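Residue numbers (this note's numbering), protein chains in the order written: chain P, 1 to 194; chain Y, 1001 to 1194. Below is one structure, written out as structure tokens; comments come after it.
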DNA sequence: ATATAATTCTGAACATCGTTCATTAAAAGG
DNA sequence: CCTTTTAATGAACGATGTTCAGAATTATAT
């Protein structure tokens, strides 16, 4: 039995990613199994493999959507703040808020180390995100190009650490309210003097 | 067939953890399967379950050993440096060096989010590590109690982030040499003025 | 219209995983 | 020597990712 529903390959691909995203968001990354996903979209498990090489690729597509969502919110934060230190604060808080609001999706993104290198479209997404932050740091903190590059990586990594330790409660669980204070303290050295 | 080799339960427990540790260190966390572990110690898979409730418990014991190893090296760093800012630098570099040197073990420690709360002995291990750092920060940086508590968490989380992003190459891969520069930049604001 | 080709979906099958447990072998005790 | 206790087994169960020969449907050609 074939063609039970008329979905173009692209539509079906999008349907799979959407269902996978919902599954991870609701029940965590471990709940994303081929059979559960197939049941959710009303297809047989094998159908997924006609559109994705394996389940890792499905999960990576979910992560891509998560990164896109973060980028949208960071862009909104840029648009809503003046081009000074307060924008950097807003970006950092938006990052933390997004990760907290989509905790299962965010945790799933870092749960399993990827074997092999990430596909180009995924690296491009990351690069795009990174460039956005770097541009804002350069503009708002008046750093030199080399310094803003390093500072971006430092703040990015530090934010990642704060967020992860907050979310999964590992290593001396950090309360959610304390996370904001930590981000403040992280950025404090970069605040213009006065 | 029973009692083929004479191991007390404690010896066998230690043997299992040791073999599991070697397995993770050599082939990564995903290679730690009940059957592979059993084969490595010359027992049947079921034997593992006589000594551990499940494989997660074995993995957690491995992580406990990893944390103990880190604590030893941090203590050595304390003993080898004067009680000033340079000691904080040495601690941070020791942390990064340990994670890098035991990359598979370190990555495995953060690969899967733990369901439920961690056992008490594990939380005590973490607390012990954290207390060591907090005491040194308090002593070497002349911070108040509340401030040293927050600063410890901040630096801990930031170090975690730098280390993780360096090791698994995710998110704008940070080169190993660049990681040291990032740690330097992270600590720079706390360097005594001059 | 009819036949043929191309597409698309199925679901049984395979290997491997964690885990359980009735069974069996070995040691200890009477 | 017999009995009890302990320790180890390995077959078995359910669930996993993945494959693929075949079935069902649509498109195309004659």
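Yeah, the Cβ is synthetic: ideal placement off N, Cα and C, and Gly gets one too. Every value quoted in this text rests on a predicted model; they were computed, and no experiment measured them.
*Taking residue 168 of chain P as the query, report the chain Y residues whose CB atoms sit under 9 Å from its CB, ordered along the chain.*
Contact note: residue 168 of chain P reaches chain Y through 1110, 1113, 1114, using a C-beta cutoff of 9 Å and chain order.
*Check each residue of the segment 1142–1155 of chain Y: if its Cβ is closer than 8 Å to any Cβ of chain P, include it; give the result in chain order.*
For the segment 1142–1155 of chain Y, which is checked against every Cβ of chain P, the residues closer than 8 Å are 1150, 1151, 1153, 1154.
*asked:* Under 8 Å, CB to CB, which of the residues in the segment 67–98 of chain P have a partner in chain Y?
replied: So nothing in the stretch comes that close.
*Contact between the segment 130–143 of chain P and the segment 60–68 of chain P (3+ Cβ pairs under 8 Å)*: Segment contact: the segment 130–143 of chain P against the segment 60–68 of chain P, fewer than three CB-CB distances shorter than 8 Å; contact not assigned.
*Might you give, ordered along the chain, the residues of its own chain that have their beta carbon closer than 8 Å to the beta carbon of residue 1128 of chain Y, omitting 5 neighbours on each side?*
By the criterion of a C-beta distance shorter than 8 Å, residue 1128 of chain Y is surrounded in its chain by 1071, once the five residues flanking it on both sides are discounted.
*Could you check if residue 113 of chain P is buried or exposed, using at least 16 other CB atoms within 10 Å of its CB as the buried criterion?*
Label assigned to residue 113 of chain P: buried.
*Kindly list the residues whose CB is nearer than 8 Å to the CB of residue 167 of chain P, restricted to its own chain and excluding five residues on each side of it in sequence; keep chain order.*
Cβ neighbours of residue 167 of chain P beyond the five flanking positions: 99, 100, 103, 106, 107.
_For the structure I just gave you, are there three or more beta carbon pairs, one from the segment 1179–1188 of chain Y and one from the segment 1151–1167 of chain Y, closer than 8 Å?_
Flag = yes, the segment 1179–1188 of chain Y and the segment 1151–1167 of chain Y touch.
*asked:* Restricting to runs no shorter than 4 residues, where is the alpha helix (DSSP H) found entirely within the segment 33–81 of chain P?
replied: The segment 33–81 of chain P contains these whole alpha helix (DSSP H) runs: 34–41, 45–51, 55–79.
*asked:* Tell me the DSSP secondary structure of residue 174 of chain P in three-state form.
replied: The DSSP-derived three-state label of residue 174 of chain P is coil.
*For residue 1132 of chain Y, which residues from the same chain have a beta carbon less than 8 Å from its beta carbon, with the 5 sequence-adjacent residues on both sides left out?*
These residues qualify, in order along the chain: 1071, 1074, 1075, 1078.
*Is residue 1045 of chain Y near residue 1034 of chain Y, with beta carbons less than 7 Å apart?*
In this structure, residue 1034 of chain Y lies closer than 7 Å to residue 1045 of chain Y by Cβ.
*asked:* Is residue 189 of chain P close to chain Y? Criterion is C-beta to C-beta, closer than 7 Å.
replied: So, interface residue.
*Check distances from the C-beta atoms of the segment 125–139 of chain P to those of chain Y and list, in chain order, the residues that come in under 8 Å.*
The segment 125–139 of chain P vs chain Y, Cβ under 8 Å: 126, 127, 130.
*Who are the neighbours of residue 1031 of chain Y on chain P, taking C-beta pairs under 9 Å?*
Chain P residues near residue 1031 of chain Y: none, gap ~12 Å exceeds 9 Å.
*For residue 1160 of chain Y, go through chain P and note every residue whose CB falls closer than 8 Å to its CB, in chain order.*
Annotation: Cβ neighbours of residue 1160 of chain Y in chain P (cutoff 8 Å, chain order): 161, 164, 165, 171.
*Could you tell me whether the segment 1081–1101 of chain Y touches the segment 1008–1028 of chain Y, where touching means 3 or more Cβ pairs closer than 8 Å?*
Judged by Cβ distances under 8 Å, the segment 1081–1101 of chain Y makes no contact with the segment 1008–1028 of chain Y, as fewer than three pairs qualify.
*Just the chain P side, please: which residues come within less than 8 Å of residue 1174 of chain Y by C-beta, in chain order?*
The answer, in chain order, is 153, 157.
*Shortest alpha-carbon distance to residue 69 of chain P belongs to which of P:119, P:135, P:125, P:146?*
Comparing Cα positions, the closest option is P:125.
*Neighbour-count burial assignment, residue 148 of chain P, 16 or more Cβ in a 10 Å radius*: Buried is the call here.
*Where residue 115 of chain P falls, given that 16 or more other Cβ within 10 Å makes a residue buried*: By the 10 Å Cβ count, residue 115 of chain P comes out exposed.
_Just checking: is the beta-carbon of residue 1105 of chain Y within a distance shorter than 7 Å of some beta-carbon in chain P?_
Chain P, which has no Cβ nearer than 7 Å to the Cβ of residue 1105 of chain Y, makes this no.
_When P:163, P:169, P:130, P:164 are compared against residue 150 of chain P, the one with the closest alpha-carbon_ = Comparing Cα positions, the closest option is P:130.
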